[in-house]
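For reference, the structure is listed below as structure tokens.
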Amino acid sequence: MGPTFSISHCIPNCLTQYTIHRLACSPLYRPERSLREICASSLCHWKHKNTLNSNPCNGHVHERSKSLRFSKFTRSTRRCEQIGNTHYLRPLWTSCGAATGATRSGTTASAVAAMAAMAPVKVAVGQMTSIGDAEKNFSVCADLVEQARTEGCAMIFLPECYNYIGVNLFDGLNIAEPIDGPIMARYRALAQKSGLWLSLGGFQEVGPDPTHRYNSHVIIDSDGLVVAVYRKIHLFDLDLPDGPEPIKLKESDATAPGAEVVACDSIAGRLGLTVCYDLRFPELYQKLRFEKDAQVMLVPSAFTRPTGEAHWEVLLRARAIETQCYVIAAAQCGQHNEKRCSYGHALIVDPWGKVIARLEDPGATGIAVAVIDLDALNKIRTKMPLDTHRRYDVYGPDV
14 MGPTFSISHC
24 IPNCLTQYTI
34 HRLACSPLYR
44 PERSLREICA
54 SSLCHWKHKN
64 TLNSNPCNGH
74 VHERSKSLRF
84 SKFTRSTRRC
94 EQIGNTHYLR
104 PLWTSCGAAT
114 GATRSGTTAS
124 AVAAMAAMAP
134 VKVAVGQMTS
144 IGDAEKNFSV
154 CADLVEQART
164 EGCAMIFLPE
174 CYNYIGVNLF
184 DGLNIAEPID
194 GPIMARYRAL
204 AQKSGLWLSL
214 GGFQEVGPDP
224 THRYNSHVII
234 DSDGLVVAVY
244 RKIHLFDLDL
254 PDGPEPIKLK
264 ESDATAPGAE
274 VVACDSIAGR
284 LGLTVCYDLR
294 FPELYQKLRF
304 EKDAQVMLVP
314 SAFTRPTGEA
324 HWEVLLRARA
334 IETQCYVIAA
344 AQCGQHNEKR
354 CSYGHALIVD
364 PWGKVIARLE
374 DPGATGIAVA
384 VIDLDALNKI
394 RTKMPLDTHR
404 RYDVYGPDV
């Protein structure tokens with residue numbers, strides 16, 4: 014038997030067993046390295062400049078360089094409560110009051126190596142017709158979660174505005190809450206009860222001033238803990254007066270934009286978080302893939318019918334092909350009220366651009382199921398290594 018490492022001594026006790034699995038999956042793992050080294054090197058996957066709270070880890074902040082190499086450590090004596098616009102790990106988990114989950118100790122190097130091969134994971138993409146009643150919407154979401162659990166899924170992805178869609182954009186201001194408020198507490202409890210990870214596509218989060226909120230994409234793990242929060246960067250300001258269904262929406266009237274690119278680890282791989290209109294800006298997805306190491310792009314949406322019919326599937330498949338990532342696009346569908354309707358057609362696309370899951374009825378409430386196979390993803394990336402073919406010398410690393 015190889016040397017025994019005590020993971021509980023080098024990993025913050027707020028991390029779940031699955032996080033330990035993800036640490037073992039790190040490309041930096043070597044059997045001869047101590048788990049303390051793996052922990053220090055790999056936890057940067059949780060967030061650029063994330064603070065570790067474990068004394069044996071020395072409270073390092075790990076910084077990632079432009080070259081995507083693990084570069085340097087700097088000392089930090091401050092616990093991380095918020096990083097930019099994104100809440101991570103310790104901050105919200107403490108306020109949630111949820112169980113932190115067990116840590117694994119006495120693990121041998123050979124056992125850790127065995128965990129490094131990540132098995133395919135079954136996931137569900139959801140579709141629904143949200144209305145101006147948060148209680149009824151929660152009931153629908155809970156039913157979709159139960160369907161996913163029954164299908165043996167480990168994670169479900171719900172669409173933008175899963176919690177509420179009002180008659181006008183300003184209605185969302187009236188129900189906006191902080192991430193640690195009672196609405197999100199119900200969804201944390203739902204995740205913990207079902208044992209599923211949840212992607213909550215667009216939550217009405219309290220904004221920077223009384224007249225603006227944030228459109229926030231929240232990831233919750235199976236312990237009911239908030240793992241990541243992304244605030245929608247690109248706001249949907251559109252005026253299309255012509256055609257059978259004229260559109261005039263100006264999201265920026267009542268919503269403030271985010272300013273941070275967010276990725277996080279999950280049971281389904283490393284997630285790149287976006288929301289709806291972000292889909293039209295490929296630079297964001299390039300950054301998520303080549304700087305944040307995303308494997309699964311999330312695009313929870315409430316596309317309008319005219320734009321959905323013209324662009325929805327082709328854009329999703331393009332994002333999958335050009336980033337060599339899975340793309341999971343939960344969708345709103347149908348008539349929400351007298352003023353608003355959505356396109357539907359929730360999809361899951363594989364890294365080759367093939368649609369591998371869609372609802373039989375693209376306008377109905379329900380789920381579609383697919384398997385996320387990261388080994389297959391890695392084979393595609395190996396055969397066509399876009400990361401090494403990119404010409405930073407010509408157009409720079411930020412393109």
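If you want this note's numbering, it's the 1-based position in the sequence shown plus 13.
Idealized CB from N, CA, C, for every residue including glycine.
- In the three-state scheme derived from DSSP, where H, G and I count as helix and E and B as strand, MET310 is classed as strand.
- Beta-bridge pairing by DSSP links ASN228 to GLN217.
- Put simply, of VAL134, ASP236, GLN160 and GLY179 the residue whose alpha carbon is nearest the alpha carbon of GLN140 is GLN160.
- With contacts defined as CB atoms closer than 8 Å, GLY282 and VAL239 fail to qualify as a contacting pair.
- Proximity to THR268 across THR378, GLY215 and PRO364 peaks at GLY215, based on C-alpha coordinates.
- In this structure, the CA atom of ALA198 is about 28 Å from the CA atom of LEU301.
- Between GLN299 and VAL274, the alpha-carbon positions lie close to 11 Å from each other.
- Restricted to the region 262-343, the beta strand (DSSP E) segments that are unbroken, complete and at least 3 residues in length are 276-279, 282-286, 309-311 and 339-342, listed in chain order.
- Taking C-beta atoms as the reference points, LEU171 and LEU209 fail to come closer than 8 Å.
- In this structure, TYR356 lies away from GLY379, with their beta-carbon atoms at least 8 Å apart.
- For VAL180, there is no enclosing beta strand (DSSP E), as DSSP marks it with neither H nor E.
- The alpha-carbon of LEU387 is positioned some 44 Å away from that of ASP255.
- The C-alpha of VAL136 lies about 20 Å from the C-alpha of VAL242.
- A direct Cα-to-Cα measurement between ALA204 and LEU360 gives close to 22 Å.
- Using a Cβ distance threshold of 8 Å, HIS349 and ILE144 count as a contacting pair.
- Looking at the DSSP output, CYS174 sits in no beta bridge, so it has no partner there.
- When the five nearest sequence neighbours on each side are left out, the beta carbons in the same chain lying within less than 8 Å of the beta carbon of PHE183 are those of ASP266 and ALA267, in order along the chain.
- SER314 sits buried, since 16 or more C-beta atoms from the chains shown fall within 10 Å of its C-beta.
- Taken through DSSP and simplified to helix, strand or coil, GLY237 comes out as coil.
- When the beta-carbon positions are compared, VAL158 and ILE192 stay at least 8 Å from each other.
- Only exposed fits THR224, as fewer than 16 other CB atoms lie within 10 angstroms of its CB.
- Rounded to the nearest whole angstrom, the CA to CA distance from MET168 to ARG162 is 8 Å.
- Per the coordinates, the alpha-carbon of ILE334 lies some 6 Å from the alpha-carbon of TRP365.
- Selection ASN228, ALA331 and GLY185 evaluated against GLY271 yields ASN228 as nearest (Cα-Cα).
- If you check the CB distance, VAL312 and LEU297 do not come in under 8 Å.
- Annotation for LEU360: the continuous beta strand (DSSP E) segment containing it runs 360-362.
- For MET131, the number of other beta carbons within 10 angstroms of its own is at least 16, and it is reported as buried.
- Bounds of the beta strand (DSSP E) holding LYS135 are 134-141.
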